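Quick notes on the structure that follows.
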Amino acid sequence: MSHEFELIAKHFAPLGAIGDPNRFLVGQGDDCAVVNPDTRPMAFSIDTQVSGVHFFDNDTPEHIASRGFNSALSDLAAMAATPAFFTLALSLPKHCDDDWIAAYAMTLAKLAHQWQIPLIGGDTTTSPTLVQTFQVHGYVDQAPLTRSGAHLGDWVVVTGTLGDAAAALQCIKQGKIPADPLHRAFYFPEPQIAIAKAIAPFATACIDISDGLLADLGHLCHASGLGAQINAPSLPLSAEFMATVAPDNQLTTALTGGDDYQLCFTLPPQHWSQIAHLPLTPIGKITEQAGVTVLNANDQPIPMAKSGYQHR
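All you need for the working numbering is the position in the sequence shown, starting with 1, plus 4.
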């Protein structure tokens, strides 16, 4: 594997030239990057992924880069922030040779060009385990969406479909090849930036679904000092999900599987007509009683054994 500065110059320095160069007084190559002032508020988020925990040891560099980068951008989507630039800390074991790094960097370059955000700095080091840490920065052009703004009676709404990445993970663990939409949901999650921008004028609170809908909606409710009811029959499930996951495990997988990187937000019902054309599904409502309750078709509570992924 190349030495650190050779590695950076060859594979990662070109990512610093993406986007508007006038945004930076100093870019890559110095001890710090220096960003020119901007009157807009800025959102920051940092996300670390570890081999054997967030991805498999034998995953391709393309898959690892995409999971790391896109899941980090999903945090910006949750606040309706416009991606601006990012930094990367990469700890590499010896098996990650120059070919591996080239493929990893090429994937990052494609994604960075897609979002027009440059890599403005970071760090590389050797490590017994592959670890990637992305810090993403974005500009907020309106009042930021937060977890704490939900109101009693708001609808609970989600983007896309739920459980697809979790279904893919089940397949992979069983040695099976997941259907293409499930595979893409797990390895190439799509940050919901555009939809976040569209719902921002109307939504009262928002969170991205990374640890499972029950857990993340629970965080939103706790921050808002309220609770929620979810109607199980309303959950948006893809045909591939239903063909892959056993019927008696579909509800648990969709609610607690994690890695969706969709958005869950709250919305006053009177604003639904203004965003109903988007790929959104109302799945419940905000209530006064604390906690998240899941109801069946007869409006009876369904006991849930867990809420989602635990980081520790």
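Note that the Cβ used here is the ideal one computed from N, Cα and C, for glycine as well. Here the structure is a predicted model, which is why all the values come from computation and not from measurement.
- Here the alpha carbons of ALA280 and PRO273 stand approximately 11 Å from one another.
- In this structure, the CA atom of ALA207 is about 15 Å from the CA atom of PRO283.
- Assignment of TYR265 by DSSP, reduced to helix, strand and coil, places it in the coil class.
- Note: GLN53 is bridge-paired with GLN136 in the DSSP secondary-structure output.
- The region 116 to 133 and the region 163 to 181 do not touch, with fewer than three beta-carbon pairs separated by less than 8 Å.
- A direct Cα-Cα distance of roughly 11 Å separates GLN53 from SER95.
- Per DSSP, reduced to three states, the secondary structure at ALA209 is strand.
- The residues ALA107 and THR111, in chain order, have a CB closer than 7 Å to that of GLU66 in the same chain once the five nearest residues on each side in sequence are set aside.
- If you keep only unbroken alpha helix (DSSP H) runs of at least 4 residues inside the region 142 to 197, you get 168 to 177 and 184 to 191.
- Taken atom to atom, the span from the alpha-carbon of LEU134 to that of PHE59 is near 10 Å.
- Between ALA13 and ALA76, the alpha-carbon positions lie close to 24 Å from each other.
- By the neighbour-count definition (other C-beta atoms within 10 Å, threshold 16), LEU186 is a buried residue.
- Scanning its chain for C-beta atoms nearer than 7 Å, with the 5 sequence neighbours on each side dropped, one finds around SER152 the residues ALA209, ALA227 and SER228, in chain order.
- Looking at the DSSP output, VAL39 shares a beta bridge with PHE28.
- From the listed residues GLN178, SER238, TRP119 and ALA204, the smallest Cα separation to ALA301 is found for SER238.
- Separation of LYS201 and ALA250 (C-alpha to C-alpha, rounded to the nearest whole angstrom) is 36 Å.
- Under the criterion of beta carbons closer than 8 Å, THR297 and PRO286 do not qualify as touching, at roughly 16 Å.
- Per DSSP, the continuous alpha helix (DSSP H) segment holding ASN74 begins and ends at 65 to 82.
- One Cα belongs to PHE245, the other to PRO195, and the distance between them is close to 20 Å.
- When beta bridges are read from the DSSP output, PHE59 appears opposite SER55.
- Minimum Cα-Cα distance from ALA204 among the listed residues ASP184, PRO148 and GLY157 corresponds to PRO148.
- A residue is called buried when at least 16 other Cβ atoms come within 10 angstroms of its Cβ; HIS99 does not meet this threshold and is exposed.
- With respect to the 7 Å criterion, ILE211 and LEU224 are classified as neighbours on the basis of their beta carbons.
- Judged by beta-carbon spacing, PRO193 lies beyond the 7 Å limit of TYR143, meaning their Cβ atoms are not closer than that value.
- In the three-state reduction of the DSSP assignment, ASP127 falls in the strand class, which pools E and B.
- Judged by DSSP in its simplified three-state form, SER95 adopts strand.
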